[in-house]
Amino acid sequence: MSLPTTDLWLESDQDRALLENVVTGQKLLVPPADIHQALAASELVQDDLKRWEAPLLRSVDRAMREWSLHSEASPLQKLDQCREHCLSTVTLTGELERDLKAVFRTASAFLGEPSERAFDFNPEFLTEIWRRPSLEFQYGQLPCMPETTQRRIDLAKPHLRDESRGLVLGDDDLMGLCWAATTSRPCDIFEIDQRIVAFYAEQERPTLQVHQRDLTRGLPEEFHGLYDFIFTDPMYGRNGMDMFLTCCAQGLSTSAHARLFLNTRPDLIEGGEKLEERLSSVGLGVLSHRQNFSRYRLPERTRRMALDALRPSGLPRYLLRALLKVPYYYSDLLEVARL
0 MSLPTTDLWL ESDQDRALLE NVVTGQKLLV PPADIHQALA ASELVQDDLK RWEAPLLRSV
60 DRAMREWSLH SEASPLQKLD QCREHCLSTV TLTGELERDL KAVFRTASAF LGEPSERAFD
120 FNPEFLTEIW RRPSLEFQYG QLPCMPETTQ RRIDLAKPHL RDESRGLVLG DDDLMGLCWA
180 ATTSRPCDIF EIDQRIVAFY AEQERPTLQV HQRDLTRGLP EEFHGLYDFI FTDPMYGRNG
240 MDMFLTCCAQ GLSTSAHARL FLNTRPDLIE GGEKLEERLS SVGLGVLSHR QNFSRYRLPE
300 RTRRMALDAL RPSGLPRYLL RALLKVPYYY SDLLEVARL
């Protein structure tokens with residue numbers, strides 16, 4: 000189903016589907032059977048990036064005027080100049096410096112997004128994803144956009160063979176649902192959240208097998224070496240990340256086509272500067288690194304927490320608010336294989 004936007008989010012509101020354009024803020028509540036018809040006819044899919052860009056750029060211009068910095072540069076260049084000034088004039092250390100750099104990177108990624116945003120959604124996937132469970136902060140969940148879920152699966156499509164098998168470790172992004180809507184190959188899902196397990200139990204997907212398991216115990220031995228494609232978006236703490244990397248190494252097959260698609264932010268995770276070394280320690284190596292590949296709808300709660308964390312920087316509050324108004328969070332996708 001071709002739509003002119005990638006900014007579509009779907010979730011449930013009781014027994015109806017709530018469709019939202021994350022960029023414009025437009026919402027539409029429809030019966031599930033009418034999702035495709037509603038999207039085809041609605042202005043919901045028309046993007047207006049200026050809704051976010053204009054306030055952000057006005058705040059950057061205001062800050063630069065107050066700092067007596069004059070520039071005729073492009074918006075992206077001006078944002079970069081603002082970033083460099085902030086980092087060079089404010090004494091920041093540790094997590095505060097890291098977080099401020101990340102906020103500027105997020106704003107740059109959003110301003111740098113292409114104006115052409117058409118995307119060919121898998122209609123079967125789009126019809127079912129609205130039933131997703133609600134966000135649960137207990138598990139550090141931040142589900143990615145449906146378009147991101149599908150683009151991850153699309154990376155594996157050219158390499159699928161008859162004997163290929165998929166594995167998803169932690170599935171708040173509903174990778175398994177998109178896999179099943181794309182291919183008839185089998186896929187195992189390991190998930191600790193009972194609500195996601197229950198979601199899949201209600202799906203009639205014979206190729207999906209869902210296992211509720213705490214991965215601190217590792218991947219069960221009977222699943223070792225089975226998978227040509229593994230998808231994971233692990234937590235950012237060192238112990239949690241290393242646990243997931245170990246499970247991925249255990250599950251990955253010895254096929255030359257076998258790939259781990261790891262979604263993370265090396266600049267934000269604990270010990271990220273040694274991520275490749277940590278991958279190497281379990282026999283894995285990075286083949287490619289796609290920056291800002293994955294997009295996530297940024298919850299207001301996360302936005303408020305980030306603003307509070309950056310308050311000690313002493314930077315103008317209006318500037319921080321504008322930077323954090325960007326509707327997305329971004330992470331990278333690392334394509335990983337056995338060494």
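Counting in numbering that gives the first Met the number 0, the sequence shown runs from 0 upward without gaps. Just so you know, even glycine gets a beta-carbon here, dropped at the ideal spot from N, CA and C.
With three or more CB-CB distances shorter than 8 Å, the region 286 to 304 counts as touching the region 320 to 327. Beta-bridge partners of histidine 288 (DSSP): Leu333. DSSP places histidine 35 inside the alpha helix (DSSP H), whose first and last residues are 34 to 40. In its chain, beyond the 5 residues on either side, Pro3 have a beta carbon closer than 6 Å to the beta carbon of alanine 117. Residues of the same chain with a CB within less than 7 Å of the CB of alanine 308, apart from the 5 flanking positions on each side, are Asp98 in chain order. In the DSSP secondary-structure assignment, isoleucine 188 is bridged to Val167 and Val209. Sorting Asp153, Arg184 and Ala155 by C-alpha distance to the C-alpha of glutamate 162 places Arg184 at the top.
The residues Leu9, Val29, Pro31, Ile34 and Trp129, in chain order, have a CB closer than 7 Å to that of alanine 16 in the same chain once the five nearest residues on each side in sequence are set aside. Using a Cβ distance threshold of 8 Å, isoleucine 191 and aspartate 213 count as a contacting pair. In this structure, arginine 204 keeps its C-beta atom at 8 Å or more from the C-beta atom of proline 132. Taking one beta carbon from each stretch, the region 278 to 290 and the region 63 to 77 have fewer than 3 pairs nearer than 8 Å; the two do not touch. Between methionine 240 and isoleucine 268, the beta carbon gap of about 6 Å places them in contact (Cβ cut-off 8 Å). Beta-bridge pairing by DSSP links leucine 91 to no other residue. Note on geometry: alpha-carbon atoms of glutamate 52 and glutamate 19 lie some 19 Å from one another. Counting other Cβ atoms within 10 Å of its Cβ, arginine 316 stays below 16 and is therefore classed as exposed.
Here the C-alpha atom of serine 254 lies approximately 39 Å from the C-alpha atom of lysine 100. Between leucine 218 and valine 335 the beta-carbon gap is near 16 Å, outside 8 Å, which marks them as no contact. Inter-residue distance for glutamate 115 and valine 59 is about 25 Å (C-alpha atoms, whole angstroms). Per DSSP, glutamate 19 lies in no alpha helix (DSSP H) segment; the continuous beta strand (DSSP E) that holds it begins and ends at 15 to 20.
Straight through space, the alpha carbons of aspartate 79 and proline 54 are spaced by roughly 16 Å. If you compare the alpha carbons of Gln13, Asp6 and Asp14 with that of valine 21, the shortest gap goes to Asp6.
Closest in alpha carbon position to cysteine 81, among Leu91, Ser70 and Gln25, is Ser70. Proline 311 counts as exposed, since fewer than 16 other beta carbons sit within 10 angstroms of its beta carbon. A check of alpha carbon separations from aspartate 232 across Ile188, Thr23, Arg300 and Arg57 identifies Ile188 as the nearest. Here the alpha carbon of threonine 148 sits roughly 6 Å from the alpha carbon of methionine 174.
Annotation: the continuous beta strand (DSSP E) that includes asparagine 262 extends over 258 to 263.
Taking the Cα positions, glutamine 249 is about 12 Å away from arginine 216. A straight-line Cα-Cα distance of about 26 Å links lysine 77 and glycine 24.
DSSP places leucine 9 inside the beta strand (DSSP E), whose first and last residues are 7 to 12.
Cα atoms of phenylalanine 103 and glutamate 220: separation of roughly 43 Å, rounded to the nearest angstrom. Bridge pairing for arginine 302: absent [DSSP]. By the CB criterion at 8 Å, aspartate 331 and proline 265 fall inside the cutoff. Methionine 304 sits exposed, since fewer than 16 C-beta atoms from the chains shown fall within 10 Å of its C-beta. Residues Cys85 and Val89 of the same chain have their beta carbon placed closer than 7 Å to that of leucine 314, with the five preceding and five following residues left out of the count.
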